[in-house]
Amino acid sequence: NGLIQLRLAGDKRKHNEGRVEVFYSGEWGTVCDDDFTIHAAQVVCRELGYVEAVSWSPSSKYGKGEGRIWFDNLHCTGKEATLALCPSNGIGVSDCKHSEDVGVVCSDKRIPGFKFVNTLPNHIESLDIQVEDVRIRPILSSYRKRIPVTEGYVEVKDGGKWKQICNTEWSQFNSRVICGMFGFPMEKKYNVRIYKRTPSYWDFAINCTGNEAHLSSCKLGQPTSLKSNATCAGGFPVVVSCVPGKAFSPSPMAGFRKAFRQEQPLVRLRGGAIVGEGRVEVLKNGEWGTICDDNWSLLSANVVCRELGFGTAQEALSGGRLGQGMGPVHMNEVRCSGFEKSITECSFNKETLGCSHEEDAAVRCNVPAMGFQERLRLSGGRNPYEGRVEVLVERNGSLVWGTVCSESWGTMEAMVVCRQLGLGFASNAFQETWYWPGEVSADAVVMSGVRCSGTEMSLSHCLHHGDHLSCPKGGGRNAAGVSCSETAPDLVLNPQVVEQTTYMEDRPMFMLQCAYEENCLSSTSSQVPANTYRRLLRFSSQIHNNGQSDFRPKASRNSWVWHECHRHYHSMEVFTLYDLFSLNGTKVAEGHKASFCLEDSECDEGIEKRYECANFGDQGITVGCWDTYRHDIDCQWVDITDVKPGDYIFQIVINPNYEVPESDYTNNIVKCRCRYDGHRVWMYSCHNGKTSHHLGLSSNLNEIKLA
1 NGLIQLRLAG
11 DKRKHNEGRV
21 EVFYSGEWGT
31 VCDDDFTIHA
41 AQVVCRELGY
51 VEAVSWSPSS
61 KYGKGEGRIW
71 FDNLHCTGKE
81 ATLALCPSNG
91 IGVSDCKHSE
101 DVGVVCSDKR
111 IPGFKFVNTL
121 PNHIESLDIQ
131 VEDVRIRPIL
141 SSYRKRIPVT
151 EGYVEVKDGG
161 KWKQICNTEW
171 SQFNSRVICG
181 MFGFPMEKKY
191 NVRIYKRTPS
201 YWDFAINCTG
211 NEAHLSSCKL
221 GQPTSLKSNA
231 TCAGGFPVVV
241 SCVPGKAFSP
251 SPMAGFRKAF
261 RQEQPLVRLR
271 GGAIVGEGRV
281 EVLKNGEWGT
291 ICDDNWSLLS
301 ANVVCRELGF
311 GTAQEALSGG
321 RLGQGMGPVH
331 MNEVRCSGFE
341 KSITECSFNK
351 ETLGCSHEED
361 AAVRCNVPAM
371 GFQERLRLSG
381 GRNPYEGRVE
391 VLVERNGSLV
401 WGTVCSESWG
411 TMEAMVVCRQ
421 LGLGFASNAF
431 QETWYWPGEV
441 SADAVVMSGV
451 RCSGTEMSLS
461 HCLHHGDHLS
471 CPKGGGRNAA
481 GVSCSETAPD
491 LVLNPQVVEQ
501 TTYMEDRPMF
511 MLQCAYEENC
521 LSSTSSQVPA
531 NTYRRLLRFS
541 SQIHNNGQSD
551 FRPKASRNSW
561 VWHECHRHYH
571 SMEVFTLYDL
581 FSLNGTKVAE
591 GHKASFCLED
601 SECDEGIEKR
611 YECANFGDQG
621 ITVGCWDTYR
631 HDIDCQWVDI
641 TDVKPGDYIF
651 QIVINPNYEV
661 PESDYTNNIV
671 KCRCRYDGHR
681 VWMYSCHNGK
691 TSHHLGLSSN
701 LNEIKLA
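For the sequence shown, UniProt numbering assigns the number 1 to the initial residue and increments by one for each residue that follows.
As structure tokens, this is what we get:
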């Protein structure tokens with residue numbers, strides 16, 4: 001008999017996984033893992049509207065269920081239309097405990113449309129309620145031209161026809177879920193009177209609790225009582241009006257004055273390739289830290305996504321999938337109801353003893369359809385991830401495709417292109433593309449002077465020349481190109497190591513000949529006799545790769561440079577900048593640009609070293625490893641011979657020219673407070689990141705002076 005319904009329940013991190021639960025004769029129950037196979041999982045996934053099963057797990061991986069155990073010893077072939085048709089002990093016949101509840105993971109790909117869970121009594125004949133699609137259709141002319149679409153009829157596609165929903169049973173919780181699905185954090189009231197009605201109604205109502213991530217997780221409501229002429233009794237078609245996040249709201253002129261804004265940013269996403277995804281970081285006691293993935297679920301991810309001005313979550317990612325953070329792990333075992341204003345309001349465990357950054361939690365959120373992808377394409381590449389960049393622009397009233405001038409084209413611009421196309425991170429920016437013949441009709445340069453900060457959602461948001469094109473080299477073979485990659489490295493300098501290893505050394509010039517030839521000393525050193533001393537501020541740099549792919553130098557082996565001081569080849573001529581600034585930001589020591597040979601000095605447990613400098617070896621830094629440049633090697637210093645005593649800021653920047661793409665550049669800078677009294681030097685308050693919570697604050701300084 002086909003009188004069962006299925007759902008995926010329990011501690012789940014995405015829609016398409018969970019404990020298999022069966023609705024039969026009015027109550028929900030579970031399935032035992034005895035004799036369960038991937039074939040049975042196939043039947044479950046297809047019955048739930050997914051294309052196929054990926055895997056299954058025994059022993060209540062998603063938590064223990066409650067109620068009856070409806071199926072045991074299932075023997076499916078994988079071809080059955082419903083689980084009820086697989087041979088078993090008989091429905092409700094089982095000798096299992098809930099510790100044996102089975103779970104499945106289905107593929108992300110859905111069979112178009114979705115079924116609703118229908119637990120209404122007396123409507124057995126209408127169990128298979130399925131819709132093919134859902135949309136917000138803008139009706140008012142003021143909303144039709146607007147991107148993104150934030151207000152309109154909610155319509156479901158059933159039997160190939162779009163239908164409206166009768167609003168007599170509709171609640172704001174339903175609107176909340178619809179808005180979240182389409183990338184909006186919240187819903188708002190709208191003016192009913194301006195909507196004219198000539199609807200064709202869907203036969204059912206929908207009943208959401210408000211914390212679902214997608215309409216398909218809501219229950220079916222009562223069938224609509226339609227009048228004979230198919231209008232809904234005393235009601236209107238459902239309209240939703242959603243509030244977009246600040247990043248997605250067109251200018252206030254367009255009537256988007258009520259954009260959603262995050263109050264005080266206590267939460268941020270890092271290390272994600274596209275807008276709305278990343279590792280979750282929270283601010284506590286002035287320090288950013290991560291969340292441990294124990295119990296990390298869609299409910300908690302929904303709260304993070306809405307708080308940041310996105311919609312509901314597509315997925316709650318675990319296991320450091322979007323790179324590992326630095327610093328403390330602030331929260332563990334987070335449990336949210338789904339209605340909190342911020343993840344910081346959810347209950348959690350402060351005890352994070354068993355947690356490491358290998359368990360950093362991340363999210364992928366629903367974001368509004370902005371149509372950015374349609375305005376850009378890669379052409380002529382060997383695969384969809386590379387090619388010449390072609391943009392769609394308006395010229396004399398019509399839309400034409402053209403190329404981008406490659407002058408000043410670099411990593412930041414390429415990052416924006418890859419993000420706009422949803423292809424991940426940039427792996428390379430190309431200034432010539434003659435080997436990728438694009439569309440001949442699109443050879444003309446239509447965009448020049450492009451300068452991106454790297455966070456833009458679309459190339460058109462970057463600075464550029466607009467209509468005043470200027471491209472001396474011309475387009476064609478000199479047009480800009482990119483290659484994209486789903487993963488990227490992420491270098492992070494360890495601030496504690498800098499703080500712990502700093503000291504001062506006076507070293508005679510005759511021992512610094514090599515360093516002098518490599519420009520590691522300040523320029524005044526050229527006029528001094530060999531028996532004088534240079535005063536050096538020395539420290540160690542420990543550079544971790546916390547990303548998802550290895551950090552490799554851009555330069556090919558044949559262009560690496562032999563360095564006599566270090567007796568090996570350097571693959572990056574400007575890998576770090578070392579500088580000393582006064583508190584108001586002027587440079588006081590020349591500092592220098594350090595070139596590096598890149599290798600794995602040490603690695604996390606279980607990771608093999610892959611790169612070494614000796615013997616012209618391969619260079620790079622493996623994911624999960626770090627490269628330590630010790631304080632006692634040449635050039636690992638700032639020459640402070642000419643610096644007067646005082647309070648300073650010491651700063652290190654790695655990969656400063658963005659020569660190699662990374663998933664996060666905000667953690668490439670370390671700043672420290674530095675105090676020098678003419679005899680000794682103190683380094684303190686070292687921390688990562690551009691923002692300084694405690695650098696150069698005047699109150700702070702006065703205390704130090706008084707002391």
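Every residue, glycine too, gets a C-beta built ideally from N, C-alpha and C.
Ranked by Cα distance from Trp626, the first of Gly646, Asp604, Ala614, Phe616 is Asp604. Taking C-alpha positions only, Glu52 is separated from Arg46 by approximately 6 Å. When secondary structure is reduced to three states using DSSP, Leu85 falls in the helix class.
Contact annotation, Thr501 with His357: C-beta distance approximately 22 Å; criterion of less than 8 Å not satisfied.
One alpha carbon belongs to Gly689, the other to His563, and they sit about 31 Å apart.
The alpha-carbon separation between Leu598 and Met412 amounts to approximately 23 Å. By alpha-carbon distance to Ser55, the top candidate from Val105, Leu6, Trp70, Glu80 is Val105. With 16 or more neighbouring CB atoms inside 10 Å of its own CB, Lys12 falls in the buried class.
In this model, Ser525 and Glu517 are separated by some 11 Å (Cα to Cα).
Secondary structure note for Met412: it is in no beta strand (DSSP E), and the uninterrupted alpha helix (DSSP H) holding it is 411 to 420. DSSP assignment within the region 167 to 221 yields the following whole beta strand (DSSP E) runs of 3 residues or more, N-terminal first: 204 to 207. Residue burial is scored here from C-beta neighbours: Arg567 has fewer than 16 other C-beta atoms within 10 angstroms and is therefore classed as exposed. Arg630 is not bridged by DSSP to any residue.
Here DSSP, grouped into helix, strand and coil, assigns Cys686 to strand. Counting along the chain, the unbroken alpha helix (DSSP H) around Thr501 starts and ends at 495 to 501. The beta carbons of Gly338 and Val482 sit no closer together than 9 Å.
Val304 sits away from Val367, with the two beta carbons spaced by 9 Å or more. In this structure, the beta-carbon distance from Gly319 to Glu281 does not fall below 9 Å. Residue burial annotation: Gly183 is buried, with at least 16 other C-beta atoms found within 10 angstroms of its C-beta.
Lys644 sits exposed, since fewer than 16 C-beta atoms from the chains shown fall within 10 Å of its C-beta.
Here Pro553 is buried, its C-beta having at least 16 other C-beta atoms within 10 Å.
It is roughly 11 Å from the alpha-carbon of Ala9 to the alpha-carbon of Glu66.
Remark: C-beta atoms of Tyr658 and Cys672 do not approach each other more closely than 9 Å.
At least 9 Å separates the beta-carbon of Arg270 from that of Leu353. With fewer than 16 neighbouring CB atoms inside 10 Å of its own CB, Ala530 falls in the exposed class. Taken through DSSP and simplified to helix, strand or coil, Cys484 comes out as strand. Rounded to the nearest whole angstrom, the C-alpha separation of Leu537 and Pro328 is 29 Å. Selection Ile652, Glu100, Ser549, Asp600 evaluated against Lys61 yields Glu100 as nearest (Cα-Cα). By the Cβ criterion, the region 413 to 429 is not in contact with the region 650 to 657, since fewer than three pairs of Cβ atoms, one from each stretch, lie closer than 8 Å. Within the UniProt domain "SRCR" (6 to 107), complete beta strand (DSSP E) segments of at least 3 residues are found at 17 to 24, 27 to 31, 53 to 57, 69 to 71, 103 to 106, given in chain order.
Straight across, the Cα-Cα distance linking Met181 with Asn478 is about 42 Å. DSSP, read as helix, strand or coil, puts Leu298 in helix.
Of the residues assessed, Arg382 falls on the exposed side of the cut-off, its CB having fewer than 16 other CB atoms within 10 angstroms. Secondary-structure assignment with DSSP links Trp562 through a beta bridge to Tyr569.
Judged by DSSP in its simplified three-state form, Phe248 adopts helix.
A distance below 8 Å between beta-carbons, with the five flanking residues on each side excluded, links Val450 to the following residues of its chain, in chain order: Val404, Cys405, Ser408, Trp409, Glu413, Leu459, Cys462, Leu463, His464, Ala480.
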